[in-house]
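Under the numbering used here, the first residue of the sequence shown carries the number 1, and numbering increases by one thereafter.
Even glycine gets a Cβ: it sits at the ideal position worked out from N, Cα and C.
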Amino acid sequence: MIDLRSDTVTRPTPGMREAMANAEVGDDVYGEDPTVNALEREVAEAFGHEAALWTPTGSMANQIGLQLLVSPGQELLCDVQAHVARYEMGAAAAFGGITTRTWPELSVPDIEALVSPPGGYSVPTVALAVENTHNMRGGTVLPLAQLRAMRDLADRYELGLHCDGARIWHAHVADGVGFAEYGRLFDTLSVCLSKGLGAPAGSLLLSTADNIARARLIRKRLGGGMRQVGILAAAGRYALAHHVDRLAEDHAKAARLAEALAPYVPGEVRTNIVVLQVPNGPELAAAAEKQGVRFGAIGPTAARLVTHYDVTDDDITRTIEVLTALLSG
Ligand SMILES: *Cc1c(COP(=O)(O)O)cnc(C)c1O
1 MIDLRSDTVT
11 RPTPGMREAM
21 ANAEVGDDVY
31 GEDPTVNALE
41 REVAEAFGHE
51 AALWTPTGSM
61 ANQIGLQLLV
71 SPGQELLCDV
81 QAHVARYEMG
91 AAAAFGGITT
101 RTWPELSVPD
111 IEALVSPPGG
121 YSVPTVALAV
131 ENTHNMRGGT
141 VLPLAQLRAM
151 RDLADRYELG
161 LHCDGARIWH
171 AHVADGVGFA
181 EYGRLFDTLS
191 VCLSKGLGAP
201 AGSLLLSTAD
211 NIARARLIRK
221 RLGGGMRQVG
231 ILAAAGRYAL
241 AHHVDRLAED
251 HAKAARLAEA
261 LAPYVPGEVR
271 TNIVVLQVPN
281 GPELAAAAEK
291 QGVRFGAIGP
301 TAARLVTHYD
311 VTDDDITRTI
321 EVLTALLSG
């Protein structure tokens, strides 16, 4: 079975498993796991932030970040297709008491028009969230100029700016923008080690030392304080050392898919996600699965294919054959 449902389906490589087996560990709730501490320090430094906190999932990193920036009853603005708004089971409202309002397209003047400064009886806007790369918009990379304009908007209205950087690695590889260049734009930034990089679990939240001290308490409140978690942090360190530059291969495979299926690809494909606009997404996915190609429908007329290190060039050739036949049939 060729599995293009997500870049989370990768299994740890032999090298990664060896790193996990040999990891030095301690109790991370006491802050005593040397491998976690090293990972947190390395990632914070790479992005130019004071501190980082390991979390079991990207959703938890995002939600802790949002809770740092938005108090109960206050408002967050984000994309209508944002992971934080649509795919985290309402956590911002359920756990953070956060009101969310969404923008249809990232246009800074339109977003500015949505901002509702404190005062009066309208819910005060206190933070913005961006997603880079953007998952449901086809792995799109937000241009640095646009991110800078968002930072400027946040500064003018004294808003916090969060980045869901689950696939910031892919943006870095596609645009050649340095991690620190991205890092300095955001008050809080989440990064994920199990998307494309191939670790079995783990994300990090980056921010100031004060914020991360608060974040540690929120993580515990959410049940995310883990013990000898260096076994997982070791996989993350291994992934960062060995699996970032090779993302270019995943991007090339996605580009091959996009080129062969061009009539069904509405946007430009620059990273590892291909969104297809098709007459019937669920039907196409079911028919392809019968022929050994697995991917997901993300709407009645849309399907999403994600490349990763367990997908070979031959798998791409086969996927193109199957889809071309099904779509012309
Ligand atoms: C996968 C993903 C996350 C985090 O997901 P978890 O499954 O909670 O680790 C966050 N943001 C985006 C854009 C994602 O694709």
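query	result
From Pro279, Val191 and Thr307, residue whose alpha carbon lies closest to that of Ala46	Val191
Cβ-Cβ distance between Val84 and Ala92 below 8 Å	yes
Same chain, Cβ closer than 7 Å to Ala258, neighbours up to 5 away in sequence not counted	Val265, Val269 and Val274
Beta-carbon separation (whole angstroms), Val80 vs Thr102, contact threshold 8 Å	4 Å
Those residues which DSSP pairs with Ala297 across a bridge	Ala303
Near ligand 1: Lys195 beta-carbon under 7 Å from a heavy atom	yes
Classification of Tyr182 by the beta-carbon crowding that lies within 10 angstroms, buried from 16 upward	buried
Through-space distance from Leu284 to Val301, alpha-carbon basis	Note on identity: in this sequence residue 301 is Thr, with Val being the wrong assignment. Rounded to the nearest angstrom, the two C-alpha atoms are 9 Å apart.
Local conformation of Gln277 per DSSP, three classes	strand
Inter-residue Cα distance where the pair is Met1 and Leu326	17 Å
Span separating the alpha-carbon of Leu206 from that of Arg156	23 Å
Candidates Pro200, Glu24 and Gly160: closest to Arg184 by CA position	Gly160
Cβ shell of Ile168 (< 8 Å), same chain only, five flanking positions each side left out	Asn132, Thr133, Phe179, Tyr182, Leu189 and Val191
Length of the line joining the Cα atoms of Ala248 and Thr312	13 Å
Those residues which DSSP pairs with Ser190 across a bridge	Asp164 and Leu205
Glu131 - containing alpha helix (DSSP H), residue span	Counting along the chain, Glu131 falls outside any alpha helix (DSSP H), though it belongs to the beta strand (DSSP E) covering Thr125 to Glu131.
Span separating the alpha-carbon of Met226 from that of His172	30 Å
Between the CA atoms of Val29 and Gly223 - distance to the nearest angstrom	11 Å
Selection from Gly119, Ala23 and Thr140 that minimises the alpha carbon distance to Gln228	Ala23
Closer than 8 Å to chain D by CB, Arg86	The chain labelled as chain D is not found in the depicted structure, where only one protein chain is given.
From Pro12, Val36, Gly329 and Asp314, residue whose alpha carbon lies closest to that of Ala337	The requested residue 337 is not part of the displayed model; the chain covers only 1 to 329.
Start-to-end residues for the beta strand (DSSP E) that takes in Leu79	The identity of residue 79 in the sequence shown is Asp, whereas the question assumes Leu. It spans Glu75 to Asp79 - the beta strand (DSSP E) in which Asp79 sits, taken as one unbroken run.
Segment limits, beta strand (DSSP E) that includes Leu247	It is not in any beta strand (DSSP E) - Leu247 instead sits in the alpha helix (DSSP H) that spans Leu247 to Ala260.
Any non-hydrogen atom of ligand 2 within 7 Å of Asn62 CB	Ligand 2 is absent from the structure shown, which contains only ligand 1.
Closest by C-alpha distance to Gly299, when choosing among Thr307, Ile316, Gly281 and Arg219	Gly281
Cβ-Cβ separation, Gln74 to Thr99 (assumed contact under 8 Å), whole Å	7 Å
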